[in-house]
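The numbers in my numbering rise by one with no breaks, and the one at position 547 of the sequence shown is 655. Reviewing the structure listed below.
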Amino acid sequence: MTPSKPLELLAPLSGVLLALDKVPDPVFSSRVIGDGLCIDPTSQTLCAPLAGVISNIQDSGHAVSITDDNGVQVLLHIGLDTVNLAGQGFTRRVQEGQRVEAGQALIEFDADYVALNARSLLTLMLVVSGEPFSVLASGLVASGQPLLQLSPSEAIDVMDEEEGEALFSKPLTLPNANGLHARPAAVFAQAAKGFKASIYLHKQTQSANAKSLVAIMALQTVKGDTLQVSAAGEDAEAAIKALVALLAQGCGEAVATVAEPAATVLSATLLKGVCASPGSAFGQVVQVIEPELAIPEHGTDEATERAALARGLLAATEALRTLQDKACGSAQAEIFRAHQELLEDPTLLEQAHSLLADGKSAAFAWNRATLATAKLFQGSGNALLAERAADLADVGQRVLKLILGIQDSAWDLPERAILIAEQLTPSQTASLDTRKVLGFVTVGGGATSHVAILARALGLPAICGVSADVLGLANGKQVLLDADKGELHLEPNLAEIEHLEAARKQQALRHQRDVAQASLPATTRDGHHVEVTANVASLQEVEHALTLGGEGVGLLRSEFLYLDRHRAPSPEEQAGTYTAIARALGSERNLVVRTLDVGGDKPLAYVPMDAETNPFLGLRGIRLCLERPELLREQFRAILASAGFARLHIMLPMVSLLSELHQARKILEEEALALKLTELPKLGIMIEVPSAALMADVFAPHVDFFSIGTNDLTQYTLAMDRDHPRLASQADSFHPAVLRLIATTVKAAHAHGKWVGVCGALASEALAVPVLIGLGVDELSVSVPLIPTIKATVRELDLADCQIIARQVLGLEEASQVREALRQYHAATVETSPVVEH
Ligand code: PEP
Ligand code: MG
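Here is the structure:
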């Protein structure tokens with residue numbers, strides 16, 4: 109766009125004005141990024157030269173862009189090579205998307221530090237949108253003084269739309285040490301501008317116009333990111349070829365030729381990822397490539413296109429209903445039910461209809477609307493919501509194919525296939541033919557994604573988060589997938605294959621035996637009983653748990669009961685749900701209901717929250733509920749309605765302060781009084797924050813029980829995001845630091861006569877059972893399908909031995925040593941007697 113009247117840009121700093129030609133850096137002096145000025149600063153606060161919106165601020169705080177309402181875009185870059193300081197010396201005062209006034213402080217910087225540690229302090233102000241200007245000052249300037257006057261002009265519109273059929277490059281790994289910061293981004297954008305095609309750079313589901321420097325910087329890429337280039341237009345093919353080569357060479361920066369993150373590639377014969385579903389398989393590579401769909405942009409007339417969209421939606425709803433009916437488990441059915449709800453999302457439909465009103469075709473309108481919403485989810489900075497973007501893309505494709513009349517043909521797969529894909533959709537996963545597919549490997553996805561849940565339900569070994577190199581493996585190549593270790597062996601030897609095949613057979617036989625004996629109690633050989641209960645999120649799961657020998661519910665994740673609702677369930681509906689679950693359990697079994705654990709990785713559509721910079725350290729769990737006490741009060745009331753049908757326990761999540769427990773108990777007592785209950789249910793807390801574990805002796809007198817959430821306890825103890833794909837192998841609950849906090853908690857609880865459970869994923873690991881029992885844990889609340897395995901493991905142990913091994917591992921240095929010690933113990937006890945086939 110073009111400014112309608114001359115615009116004055118103010119000096120962002122005080123200092124000495126220099127012409128751009130004087131800057132000792134060709135990227136700036138050659139004006140590749142844009143024309144402008146340079147200031148040798150004497151002040152230390154960078155201020156806005158114009159009013160507008162912060163279109164990008166680099167995480168490292170050294171560069172910021174502002175776009176005004178007329179499309180004028182100005183980039184401010186403090187110092188040269190300051191990206192290498194990784195944020196040191198800079199304090200950001202504004203956030204991306206924020207509106208700022210001319211003269212407002214944007215970034216403060218420590219001039220001494222920057223001058224000493226970077227190449228130069230020279231600061232650039234560049235008009236990247238391309239308007240010509242005249243300079244209003246010279247020599248020494250003061251911050252806020254008028255500096256440039258922009259003339260209205262035909263600015264180059266680089267924000268062209270990608271229309272027609274786009275070609276996509278193969279995914280490639282970004283080699284630049286500091287990602288695509290200003291300099292390489294400028295080189296890339298400049299090269300893209302040399303082509304007529306509309307070109308986009310993609311990072312997961314985020315896309316940037318490749319001709320816009322600011323859009324590329326806004327992708328906030330880092331080394332090791334998987335990127336793709338797409339182009340549409342006459343020279344698309346040439347553009348992709350040139351730009352991919354440029355990216356691989358570092359866009360003007362020196363880079364190593366092998367640019368894989370060390371964590372994901374161990375050697376040329378082994379690719380590392382994260383276990384999404386356990387097990388192992390030996391088979392042949394089958395690359396999964398979905399063909400691009402040709403989508404006409406313009407429709408015939410609005411009424412016809414509306415009808416086409418309505419038909420597509422109806423057909424998709426019916427297909428999803430059939431899939432729910434045929435689902436082989438509650439998890440699978442739930443996923444397709446959630447997909448069905450997405451089809452009814454009013455915002456999504458509104459967007460599609462407004463595109464139809466603009467003359468677009470049904471396919472185009474629907475595709476645009478789903479992509480835009482998926483992008484919104486992806487950009488939310490919230491892992492769980494980002495994973496729902498994959499569900500939306502999946503259901504979007506389903507409807508799209510129905511509108512276009514494309515038959516979803518079953519893949520023609522060879523025997524013993526190990527599927528390799530950038531990403532599988534939940535629909536693709538659910539429809540895999542398990543007679544032919546032995547497992548799969550994906551570049552994207554996470555261990556908590558719906559695809560992972562489905563793979564576990566199908567018993568298919570799978571790993572995710574693998575380097576994009578895997579997409580280059582030849583079809584038919586024989587590979588060994590060891591999902592338990594998160595590994596894909598590219599050159600497996602016969603001994604490895606035989607060993608894993610034998611182990612897999614043993615595991616299958618053992619599992620059959622454990623399920624047959626699931627109703628036996630979990631009592632060690634020397635007579636110590638451990639309660640094995642279930643982690644559940646629905647009534648169906650409770651029923652399933654009981655058939656598998658579950659002795660109660662140790663964790664009802666109440667926030668998952670109404671995950672996809674946009675409006676809060678009524679108090680009656682909530683009470684009905686808790687009562688139905690309590691009735692299913694009966695008065696002899698424990699029901700531990702955890703109050704809403706919203707925030708962090710768990711958004712809840714009907715509890716809207718402000719975006720947070722650090723959601724895991726923000727308003728999570730009990731903190732949010734105490735900030736909105738009505739929410740907690742209403743939930744307590746609904747839970748209390750189920751008192752008497754089961755042994756009711758209420759559990760508070762994310763407690764870090766004693767005062768939180770006191771405040772929640774007061775509300776609970778008031779609600780119990782209002783309902784005229786004579787007896788209060790048991791009240792306990794999750795131990796998932798180190799402060800609660802370390803102060804367990806202070807909490808213990810005020811609770812009836814503790815349940816240790818090892819997922820969060822691990823992330824907060826080791827300061828590692830529980831969903832970070834690159835930290836997945838280090839954020840290990842077997843770390844002695846986590847085990848020591850468990851030991852502290854149990855000791856404090858038992859000193860006050862209170863029981864302790866573990867409901868985090870560590871309890872579902874057979875390897876961890878000896879150490880947890882040895883530390884004195886009284887209850888293991890585990891994922892439903894694993895109940896028989898965990899009970900069987902307990903039956904093969906001796907409490908006295910467990911106490912010895914527990915003491916031993918607490919003294920080790922790292923998680924890997926703990927795992928190794930427990931593996932040896934496991935092999936010597938649990939695995940000594942092979943199960944034989946009958
Ligand atoms: C945990 O943190 O270990 C836990 C059980 O809670 P969630 O996984 O639901 O956060
Ligand atoms: Mg938790």
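Backbone N, C-alpha and C define an ideal beta-carbon position, used for all residues, glycine too.
Item to complete: Kindly confirm or deny that the region 735-754 and the region 771-788 touch, where touching means at least three C-beta pairs closer than 8 Å.
Response: yes
Item to complete: State yes or no: is the C-beta of ILE795 within less than 8 Å of the C-beta of ALA804?
Response: yes
Fill in: DSSP bridge partner residues for SER315 (one or two, in chain order)
HIS310
Worksheet item: Quick one: is GLU361 near chain D, going by C-beta distance under 8 Å?
Response: This model lacks chain D altogether, as it is built from one protein chain only.
Practice prompt. Let me know if VAL866 comes out buried or exposed under the rule of 16 or more other beta-carbons within 10 Å of its beta-carbon.
Written response: buried
Worksheet entry | Buried versus exposed, by CB contacts within 10 Å (16 or more), ASN164 | buried
Worksheet entry | Element boundaries [beta strand (DSSP E), containing GLU595] | 595-597
Discussion item. Using the Cβ count rule (16 or more neighbours within 10 Å means buried), how would you classify GLU342?
Written reply: exposed
Worksheet entry | Residue ranges of each alpha helix (DSSP H) within the region 556-581, 4 or longer | 558-566
Item to complete: Have a look at ALA389 and GLY553 and give me their C-alpha separation to the nearest angstrom.
Response: 20 Å
Worksheet item: What did DSSP end up calling ILE514 once you bin it into helix, strand or coil?
Response: coil
Worksheet item: Excluding five sequence neighbours on each side, which residues of the same chain lie with their C-beta closer than 8 Å to the C-beta of SER246?
Response: LEU125
Worksheet entry | beta-carbon ASP831 near the ligand MG non-hydrogen atom, thresh 7 Å | no
Worksheet entry | Distance between beta carbons of PHE842 and VAL926, contact taken as under 8 Å | 4 Å
Discussion item. Can you tell me whether PRO761 sits near the ligand MG, meaning its C-beta is under 7 Å from at least one heavy atom of the ligand?
Written reply: yes
Worksheet item: When DSSP labels each residue in this structure, what does VAL266 get in the three-state scheme?
Response: Model confidence at VAL266 stands at a pLDDT of 41, short of 50, so the residue's coordinates are unreliable; what they give is reported in the following sentence. The answer is coil: DSSP assigns VAL266 none of H, G, I, E or B.
Worksheet item: By a C-beta neighbour count over all protein chains shown, 10 Å radius and 16 as the cutoff for buried, is VAL243 buried or exposed?
Response: exposed
Worksheet item: Per DSSP, what kind of secondary structure is ASP226 in: helix, strand or coil?
Response: According to the sequence provided, residue 226 is Ala. The question's Asp does not apply to it. Three-state DSSP puts ALA226 in coil, outside helix and strand.
Worksheet item: Which runs of the alpha helix (DSSP H) spanning at least 4 residues fall entirely within the region 714-784, listed in chain order?
Response: 729-735, 737-748, 766-782
Worksheet entry | ILE397, buried or exposed, once every other Cβ within 10 Å from all chains shown has been counted against 16 | exposed
Worksheet entry | Nearest-angstrom Cβ-Cβ length linking GLN392 and LYS593, presumed shorter than 8 Å | No, GLN392 and LYS593 are not in contact; Cβ-Cβ is about 20 Å, not under 8 Å.
Item to complete: Could you pull the start and end residues of the alpha helix (DSSP H) that ARG903 belongs to?
Response: 895-903
Discussion item. Using DSSP's beta-bridge definition, name the partner residues of VAL587.
Written reply: GLY391
Worksheet entry | Any non-hydrogen atom of the ligand PEP within 7 Å of ASN819 CB | yes
Fill in: Candidates GLN328, GLY660, ARG731, ARG691: closest to ASN643 by CA position
GLY660
Practice prompt. Within its chain, find whatever has a CB closer than 7 Å to the CB of ARG697; leave out the 5 residues flanking it on each side and keep chain order.
Written response: GLU659, GLY660, ALA754, ARG755
Discussion item. Does the distance between the C-beta of GLU796 and the nearest non-hydrogen atom of the ligand MG fall short of 7 Å?
Written reply: yes
Fill in: CYS383, enclosing beta strand (DSSP E) - first and last residue
382-385
Discussion item. Report the start-end ranges of each beta strand (DSSP E) in the region 162-186 that is 3 residues or longer and not cut off at the edges.
Written reply: 171-175, 181-185
Discussion item. Less than 6 Å between C-beta atoms, sequence neighbours within five positions excluded: which residues of the same chain meet that for LEU883?
Written reply: ILE850, ALA851, VAL854, ALA914
Worksheet item: In this structure, does DSSP put CYS146 in helix, strand or coil?
Response: strand
Item to complete: May I ask which residues mark the beginning and end of the beta strand (DSSP E) holding ASN698?
Response: 698-702
Item to complete: Verify the contact flag: GLY919, CB atom, against every heavy atom of the ligand PEP, threshold strictly below 7 Å.
Response: no
Worksheet item: For ASP176, is the beta carbon positioned less than 7 Å from some heavy atom of the ligand MG?
Response: no
Practice prompt. Have a look at GLU599 and ILE511 and give me their C-alpha separation to the nearest angstrom.
Written response: 44 Å
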